[in-house]
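Residue numbers (UniProt numbering): 1 to 387.
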């Protein structure tokens with residue numbers, strides 16, 4: 001899924017035409033922030049790399065910090081030589097080298113910082129790309145687009161697609177007439193206007209024109225980051241504040257409970273009753289094990305030893321008929337316990353049948369044992385001895 005970071009979905013339109021290119025290359029003139037409103041950010045996340053040029057020292061440093069693997073040129077791109085007075089408006093995309101536009105911002109109450117920056121022609125930036133294909137180039141320099149395009153000069157590079165801001169700063173007034181003919185002379189074909197910028201495809205890549213026309217739509221399969229200007233941050237912010245408050249409340253409650261427990265454990269009554277609690281724990285374990293023994297369902301760690309002992313006891317009684325008769329006669333007085341003995345034998349692979357002889361007070365019984373049970377008992381007995 002492509003993530004659109006651009007101000008006006010310029011990156012969505014470019015990605016529609018160029019998503020078949022792997023590890024492509026771009027040039028961003030007037031790059032500004034490396035994330036917010038960045039046309040290149042989505043491509044960067046897809047493995048593309050390129051060259052950034054921005055006259056603002058603030059944004060040039062910010063791009064270098066965020067993208068250390070890309071080339072960043074801190075200079076004003078355009079015609080002329082030497083230095084240019086650049087008017088920087090902090091934390092905005094409105095900084096400009098056009099004194100007329102800067103004066104307009106000043107009258108509107110903007111705070112401007114004037115700095116001198118180096119001037120470089122666009123031709124020098126194109127030469128930095130070397131022999132690489134330039135898949136797209138964006139020019140957004142707040143009113144100085146004509147100066148940038150005129151400084152193209154004799155450079156032979158022809159980016160596949162150009163995106164040029166084509167309205168006056170902060171207005172819908174068209175501004176493309178002074179420079180569009182120059183682009184057409186370089187072999188570019190106008191193909192799309194998004195309300196802010198105009199898109200051009202070089203005639204050598206005319207097959208890409210078919211991708212332009214409709215604006216960004218559901219078939220472009222893109223998503224927006226949470227910081228996008230098109231995303232209302234209110235619900236997310238409210239949810240964040242709610243969960244922070246909940247976490248804070250729970251943490252405070254846990255600290256309070258922990259303090260209560262600590263205070264109680266340090267009390268005299270807790271220390272005095274410690275022997276009684278210990279005795280109670282011992283009694284509970286005795287009752288639990290006693291219940292397990294009588295039900296033949298030991299849950300304690302001695303379960304294997306008890307099973308071994310109980311089965312051996314049954315085999316030992318089987319070899320002593322007189323003792324067996326006496327024990328079973330006594331057992332017949334307790335029918336519930338008698339049933340439990342029969343079930344226990346069956347659970348251990350033995351067939352035990354008990355029947356009272358008719359007319360007599362004697363008990364007839366029979367115990368069949370699977371030979372495999374004896375083998376298992378011998379193995380289990382050895383393990384118990386080893387322990």
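Positions of the beta carbon are idealized from the N, C-alpha and C atoms, including for glycine.
Quantities reported herein were computed from a predicted structural model and do not represent experimental measurements.
Given residue i as reference, the closest of the options once Cα atoms are compared
i, options, result
"residue 19", "39, 46 and 8", "46"
"residue 24", "66, 132 and 196", "132"
"residue 148", "106, 28 and 67", "28"
"residue 158", "183, 69, 256 and 143", "183"
"residue 179", "144, 195 and 123", "144"
"residue 151", "196, 130, 81 and 116", "81"
"residue 142", "213, 200 and 54", "54"
"residue 134", "227, 77, 48 and 35", "48"
"residue 409", "26, 35, 14 and 17", "The question about residue 409 has no answer, for the chain in this structure spans 1 to 387."
"residue 126", "109, 110, 116 and 155", "155"
"residue 196", "189, 188 and 168", "168"
"residue 56", "244, 30, 66 and 68", "30"
Other residues of its chain near residue i: CB distance less than 6 angstroms, five sequence neighbours each side excluded
i, result
"residue 7", "37"
"residue 59", "32"
"residue 198", "164, 166 and 176"
"residue 12", "4, 216, 220 and 222"
"residue 118", "75"
"residue 39", "6, 10, 11 and 138"
"residue 194", "8"
"residue 17", "208 and 211"
"residue 87", "96, 102, 112 and 114"
"residue 84", "76, 97, 117 and 119"
"residue 2", "15, 42 and 222"
"residue 391", "Residue 391 is absent from the model: the chain starts at 1 and stops at 387."
N- and C-terminal bounds of the beta strand (DSSP E) containing residue i
i, result
"residue 195", "Unbroken run through residue 195: none, as it is neither H nor E."
"residue 53", "49–53"
Cβ neighbours of residue i in the same chain (closer than 7 angstroms, five flanking residues each side left out)
i, result
"residue 128", "51 and 71"
"residue 274", "none"
"residue 106", "112"
"residue 265", "none"
"residue 153", "121 and 123"
"residue 270", "264"
Residues that residue i bridges to, as DSSP identifies them
i, result
"residue 137", "27 and 162"
"residue 223", "3"
"residue 76", "119"
"residue 188", "202"
"residue 88", "113"
"residue 71", "51"
"residue 150", "Answer is none; residue 150 lacks a bridge partner."
"residue 174", "167"
"residue 423", "With the chain represented from 1 up to 387, any question about residue 423 goes unanswered, as that position is not in the structure."
"residue 83", "118"
"residue 326", "The partner list for residue 326 (beta bridge, DSSP) is empty, contrary to what the question assumes."
Unbroken alpha helix (DSSP H) run spanning residue i, endpoints
i, result
"residue 18", "10–18"
"residue 43", "41–45"
"residue 231", "No alpha helix (DSSP H) contains residue 231, which DSSP labels as neither H nor E."
"residue 65", "57–66"
"residue 271", "268–272"
Proximal residues to residue i (C-beta, below 8 angstroms), its chain only, five neighbours per side dropped
i, result
"residue 64", "72"
"residue 230", "224"
Sufficient close CB pairs (3 or more, under 8 angstroms) joining the region 203–212 to the region 168–178: no
At least 3 beta-carbon pairs within less than 8 angstroms: the region 162–171 vs the region 136–145: yes
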